[in-house]
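Down below is the structure, laid out as structure tokens.
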Amino acid sequence: AQSVTQLGSHVSVSEGALVLLRCNYSSSVPPYLFWYVQYPNQGLQLLLKYTSAATLVKGINGFEAEFKKSETSFHLTKPSAHMSDAAEYFCAVSRGTGRRALTFGSGTRLQVQP
Amino acid sequence: EAGVVQSPRYKIIEKKQPVAFWCNPISGHNTLYWYLQNLGQGPELLIRYENEEAVDDSQLPKDRFSAERLKGVDSTLKIQPAELGDSAVYLCASSPPTGDTEAFFGQGTRLTVV
Numbered sequence: 111a112q113s114v115t116q117l118g119s120h121v122s123v124s125e126g127a128l129v130l131l132r133c134n135y136s137s138s139v140p141p142y143l144f145w146y147v148q149y150p151n152q153g154l155q156l157l158l159k160y161t162s163a164a165t166l167v168k169g170i171n172g173f174e175a176e177f178k179k180s181e182t183s184f185h186l187t188k189p190s191a192h193m194s195d196a197a198e199y200f201c202a203v204s205r206g207t208g209r210r211a212l213t214f215g216s217g218t219r220l221q222v223q224p
Numbered sequence: 101e102a103g104v105v106q107s108p109r110y111k112i113i114e115k116k117q118p119v120a121f122w123c124n125p126i127s128g129h130n131t132l133y134w135y136l137q138n139l140g141q142g143p144e145l146l147i148r149y150e151n152e153e154a155v156d157d158s159q160l161p162k163d164r165f166s167a168e169r170l171k172g173v174d175s176t177l178k179i180q181p182a183e184l185g186d187s188a189v190y191l192c193a194s195s196p197p198t199g200d201t202e203a204f205f206g207q208g209t210r211l212t213v214v
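Protein sequences appear in the order of chains E and H. Here the first sequence is numbered in my numbering, starting from 111 and rising by one per residue. Here the second sequence is numbered in my numbering, starting from 101 and rising by one per residue.
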């Protein structure tokens, strides 16, 4: 079984500040991990993914995440927040190859204050 | 390249009425998913297709929900009869036949049952 826990349903940062969104996972097999972003009334867009290669993964829009097996974490960071980063962010896990379905966390809403 | 297309974007129906959602995946993507997203939560898998075969429908409430993917391309998700608790966003996603488990999402259909 797999599960994802996102700590903090709401995170607020100032424009230009560090963004840190937390994700912890549980998986009985080596996981594939994903971060998706969802803007209001839109579908989900992939930010980045970890698929057992480099543990530090760089994604779009300046985001990156680090896979830490010992901590079962995959936290999302961005050095400097922009107003356009305000959205809902979802961490997800799958059981690896075979295009199996994703198990999502409950999401973190990021607010960026001017 | 066109993305995953869903229609309608919004639907309002009275309880006990039937409703159907349509999804056209990205060309060449043989895996298709339907997810349910309740307000303030992450998406949850309803059903996954590999070509025209439903390979994971364990979370689909089969007493009122049905889905089909004739010819392994477009898919339709139906609810009959709809209940107030079915109000949610229904997301369709697709994945290519090779590579990692990344799924590409449509914009979703927001269903309101009154």
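Backbone N, C-alpha and C fix where the C-beta goes; we use that ideal spot for every residue, glycine too. Here the structure is a predicted model, which means the values were calculated and not measured.
> At a CB-CB cut-off below 8 Å, which residues of chain H make contact with serine 216(E)?
Replying inline: Simply Gly140, Gln141, Gly142.
> Mapping DSSP to helix, strand and coil, what is leucine 130(E)?
Replying inline: In this structure, leucine 130(E) counts as strand in the three-state DSSP scheme.
>> Please confirm whether leucine 160(H) has its beta-carbon closer than 9 Å to some beta-carbon of chain E.
In response: Interface residue (Cβ-Cβ distance to chain E less than 9 Å): leucine 160(H) is not classified as such.
> Can you tell me whether DSSP reads aspartate 156(H) as helix, strand or coil?
Replying inline: Three-state result, aspartate 156(H): strand.
>> For serine 216(E) and glutamate 125(E), I'd like the C-alpha separation in whole angstroms.
In response: When rounded, the distance between both Cα atoms is 24 Å.
> Distance, Cα to Cα, valine 104(H) vs tryptophan 134(H)?
Replying inline: About 12 Å.
> From glycine 153(E) to serine 180(E), what does the alpha carbon distance come to, in whole angstroms?
Replying inline: Near 32 Å, if we compare the C-alpha coordinates of serine 180(E) and glycine 153(E).
> From Phe121(H), Gln106(H), Gln159(H), pick the residue whose C-alpha is nearest to that of isoleucine 179(H); which is it?
Replying inline: Of the candidates Phe121(H), Gln106(H), Gln159(H), the one whose C-alpha sits nearest the C-alpha of isoleucine 179(H) is Phe121(H).
> Can you find a heavy atom of the ligand MN that lies under 8 Å from the Cβ of tryptophan 134(H)?
Replying inline: For the ligand MN, the structure offers nothing, since it holds no ligand at all.
>> Suppose you measure from the CA of leucine 157(E) to the CA of valine 167(E); what does that come to, to the nearest Å?
In response: CA-CA distance, leucine 157(E) to valine 167(E), rounds to 10 Å.
>> In the DSSP output, which residue or residues are listed as bridge partners for glutamine 112(E)?
In response: Note: glutamine 112(E) sits in a beta bridge opposite Ser137(E).
>> Please tell me whether serine 190(E) and glycine 172(E) are closer than 9 Å, where the distance is taken between their beta carbons.
In response: By the CB criterion at 9 Å, serine 190(E) and glycine 172(E) fall inside the cutoff.
> Which class does lysine 188(E) belong to by DSSP, given the choice of helix, strand or coil?
Replying inline: In the three-state reduction of the DSSP assignment, lysine 188(E) falls in the strand class.
>> What residue range does the beta strand (DSSP E) around isoleucine 170(E) cover?
In response: Here isoleucine 170(E) belongs to no beta strand (DSSP E), and DSSP marks it neither H nor E.
> In chain E, which residues lie with their C-beta within 7 Å of the C-beta of phenylalanine 205(H)?
Replying inline: In chain order, Gly153, Leu154 make up the part of chain E whose C-beta sits under 7 Å from the C-beta of phenylalanine 205(H).
>> 9 Å is my cut-off, CB to CB: does threonine 213(E) come that close to chain H?
In response: With respect to chain H, the C-beta atom of threonine 213(E) has a partner C-beta closer than 9 Å.
>> Suppose the cutoff is 7 Å on Cβ atoms and the five residues either side in sequence are ignored; what does the same chain contact list for glutamine 117(H) look like?
In response: Excluding residues within five positions, the ones whose Cβ falls inside 7 Å are Pro181, Ala182.
> Residues of chain E with a CB under 7 Å from the CB of glutamate 114(H): which are they?
Replying inline: Residues of chain E passing the Cβ test: none, with the nearest at roughly 23 Å.
> Can you name the residues of chain E whose CB is closer than 8 Å to the CB of arginine 169(H)?
Replying inline: The contacting residues do not exist; arginine 169(H) stays about 15 Å from chain E at best.
> What do you get for isoleucine 112(H), buried or exposed, if any count of 16 or more other CB atoms within 10 angstroms of its CB means buried?
Replying inline: By the beta-carbon neighbour count (other beta carbons within 10 angstroms, threshold 16), isoleucine 112(H) is exposed.
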